[in-house]
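Under mature numbering (1 follows the signal peptide of the UniProt record, and there is no 0), read the sequence shown as residues -18 to -1, 1 to 461, first letter to last. To start, the structure itself, in structure tokens.
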Amino acid sequence: MLTSTLLLSLSLTQTSIAGYALKDAYTPSNFFNSFNFFTGDDPTQGTVKFVDQNTAQSAGLISANGSSVKFGVEHSNPAPNGRMSVRLESKQSYDQGLIIADIAHMPGSICGTWPAFWTVGPDWPMNGEIDIIEGVNSEATNSMTLHTRAGCKLSSAPAAANANQKFTGSIKTSNCDVNAAGQGMNVGCGIGTRDTMTYGDGFNNEGGGVYATEWTGEAIRVFHFVRSNIPADILAGTPDPTTWGAPLALFTGCDFDSYVKNQTIVFDTTFCGQWAGSKDVWQADAVCSKKAATCEDYVKNNPADFAGAYWDVNSVKVYQQNGGFIGSAPAAPKPSTTSTMSYTQGIPPAMTPSTMLTMTAPVGPAGAVQSVRTVTVEMTTTMTMTVDSPGAGVGAGTGIPSPLQSMIPTTATAPLSNPQATPSHPGNNGRPLDVSDFPGEGRPGGVPGPAKAKRDGAYERHFLMKHRRRALGGHGHVH
């Protein structure tokens, strides 16, 4: 069956060849306004007092300039009731994607500290937790961990990890269940590394670097790059994880669509608590155990030692799948005539000229006269749609899938009944085209009738829906 080629020059956010489009960028201009300042009791029972934004500002714990934001801890006075710090939780939450954090400095390998960069879902542990950067006391290397409800286990046993999985770290514990027998409470499934440039003082000595966490339904990968070796595609804003080599950590073996959901991004620095302040952990640390009898005593009475317990973050960017490939269909026959229609109301602010997208759909029923129609949409200060007219016998009701009928006038001279910033014409009942015209994925609406049911297999419905949805400002999987 012949196909129709639809070329859309649509307004998408910056898109990589790997299929990731920028969703959110947390930068100095919007960073603190994009996070909530947690002020409750520390869930880990730390020797800490988390403060609100105004208090943090007054105490000099947070600052921003044109290139980065800094947030640290109080380091001038004794703290008998817990040392002041901040815990930042993003106002937005995410389901899957690629989180790229460019960090110039993290809290150093300082006794008593427990810094972390992580994500967490509501109703913990039902919706999971991903610990991207985490460590305690004088540790020199990073620990990456998943925490879930019962039923999620890594696919490789610790001894066989590197033989069967392509990542550079090593599995420390393989059961992600926070209540798993034999692992200790809240341990989860952890992957460690011997690379001292991944955490604390070693990370800072390299000028910081980038942590990139790719999260899909099948796997969670954590990549680390030192400042001098950040991939060019990350710097260009077009990340392609398939070109980065082996990750530092790779978690597989669970249905992460089920176990890790609605994740909020978190930065915090706490003190002592259930891990750093554990008697066994403190005494086992050859550096820290010499400084004080307990973690709590040390944190309360040695303020100057915590001057280096701060984060300096250049940006955190969240990318999400754009819903399909970027490519080209075979060249189509040239149609006979051309008509151009302009929309003078302008286009949504997010829409600017961008990548040319191509998809295909069948035209006409089997045995009918076949033809090709091409639509090019150009985004400038106004939207111009150029329609190459089809041949005789091809139009509404002759096999063109309903979404295409809604977008393309049945003749080259069909008037626009309701000009808007999105395509509209009588075949669309005089209203602007929107995502309801693309049925599926649980969205209501769409064109009624049998066309809403099964469609010809050659029609790449998923491709069109995804790209059109983003062109109209949809939020993908974001909640």
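Ideal Cβ placement from N, Cα and C applies to all residues, glycine included.
Notebook entry, point to check: Buried or exposed: Gly1, going by 16 or more other Cβ atoms within 10 Å of its Cβ?
Noted result: buried
Check: With contact counted as at least three CB pairs below 8 angstroms, one residue from each stretch, are the region 262 to 278 and the region 84 to 95 in contact?
Finding: yes
Next item on the list: Specify the secondary structure class of Lys154 as computed by DSSP and reduced to three states.
Entry: strand
Checklist line | Given Ala289 as reference, the closest of Lys5, Gln27, Phe53 and Ala3 once Cα atoms are compared | finding: Phe53
Check: Within this structure, are the beta carbons of Leu128 and Gly151 separated by less than 8 angstroms?
Finding: no
Note to self: Using a Cβ distance threshold of 8 angstroms, determine whether the region 152 to 161 contacts the region 201 to 215, with at least three qualifying pairs required.
What the structure shows: no
Check: Quick one, which of Thr246, Cys236 and Glu200 has its alpha-carbon nearest Asp113's?
Finding: Thr246
Margin query: I need the DSSP call for Glu188, collapsed to helix, strand or coil.
Written below: coil
Note to self: Can you tell me where the beta strand (DSSP E) holding Cys171 begins and where it ends?
What the structure shows: Cys171 to Gly174
Next item on the list: Starting from the N-terminal side, write out each stretch of the beta strand (DSSP E) that is 3 residues or longer and does not extend beyond the region 95 to 127.
Entry: 95 to 102 and 111 to 116
Check: On the three-pair Cβ rule with 8 angstroms, is the region 28 to 37 touching the region 245 to 263?
Finding: yes
Notebook entry, point to check: Can you name, in chain order, every residue of its own chain whose Cβ lies under 6 angstroms from the Cβ of Gln303, other than the five neighbours on each side?
Noted result: Gly1
Next item on the list: Output the distance between the C-alpha atoms of Ser336 and Gly182, rounded to the nearest integer angstrom.
Entry: Its pLDDT being 34, under 50, Ser336 is placed unreliably by the model, and the measurement read from it follows with that caveat. Looking at the two C-alpha atoms, the distance is approximately 40 angstroms.
Checklist line | Selection from Phe185, Asp267, Ile173 and Arg131 that minimises the alpha carbon distance to Met88 | finding: Phe185
Notebook entry, point to check: The beta strand (DSSP E) with Thr37 in it runs from where to where?
Noted result: Taken as a continuous stretch (DSSP letters only), Thr37 belongs to no beta strand (DSSP E), being part of the alpha helix (DSSP H) at Gln35 to Ser40.
Checklist line | Proximity of Thr123 and Thr175 at Cβ, strictly below 8 angstroms | finding: yes
Item checked: Beta carbon of Glu200 nearer than 8 angstroms to that of Thr234 -> yes
Next item on the list: Determine the contact status of Val248 and Val118, defining contact as a CB-CB distance below 8 angstroms.
Entry: no
Check: Which two residues bound the contiguous beta strand (DSSP E) that contains Leu70?
Finding: Arg69 to Tyr76
Check: Near Gly48, what residues of its chain come up, given a Cβ to Cβ distance below 7 angstroms and the 5 sequence neighbours on each side ignored?
Finding: Pro10
Note to self: Going by the DSSP bridge assignment, what does Phe20 pair with across the sheet?
What the structure shows: DSSP lists no partner for Phe20.
Notebook entry, point to check: Are there 16 or more other CB atoms within 10 angstroms of the CB of Asp23, so buried, or fewer, so exposed?
Noted result: exposed
Note to self: My output table needs one value for Asp279: the three-state DSSP class, helix, strand or coil.
What the structure shows: helix
Note to self: Can you tell me whether Phe13 is helix, strand or coil according to DSSP?
What the structure shows: coil
Item checked: 8 angstroms Cβ cutoff met for Phe14 and Ser72 -> no
Check: Shortest alpha-carbon distance to Asn296 belongs to which of Ser45, Ala38, Ser137 and Ser58?
Finding: Ser45
Item checked: Three-state secondary structure assigned by DSSP to Ile382 -> Any reading at Ile382 needs caution, since the residue's pLDDT is 34, under 50, leaving its predicted position unreliable; the model's value is listed next. Ile382: coil per DSSP, three-state reduction.
Next item on the list: Would you kindly work out how many angstroms separate the C-alpha atoms of Val204 and Leu80, rounded to a whole number?
Entry: 10 angstroms
Notebook entry, point to check: Would DSSP call Ile212 helix, strand or coil?
Noted result: coil
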